[in-house]
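Asker: In UniProt numbering, the protein residues as written are 1 to 37.
1. In the structure shown, what three-state DSSP assignment does residue 21 receive?
2. Is residue 22 a contact residue of the ligand ATP, with contact defined as CB to any heavy atom under 8 Å?
3. Kindly indicate which three-state DSSP category residue 28 falls into: helix, strand or coil?
4. Could you tell me the alpha carbon to alpha carbon distance between residue 31 and residue 22, rounded to whole angstroms?
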């Protein structure tokens, strides 16, 4: 659970302001990068 969430956050393509923001959250989910780690 928590490990999967961390992988998705780390591998997301950042959109908007750097890091987490109110509009884009953590960014665009990049599932391919998440499962490649």
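No residue lacks a Cβ here, since even glycine has one placed at the ideal position from N, Cα and C.
All values derive from a computational prediction rather than experimental measurement.
Answerer: Let me lay it out:
1. Correct three-state label for residue 21: strand.
2. As for the ligand ATP, it is missing from this structure, which has no ligand bound.
3. Residue state, collapsed to three classes: strand.
4. Answer to the nearest angstrom: the Cα atoms are 21 Å apart.
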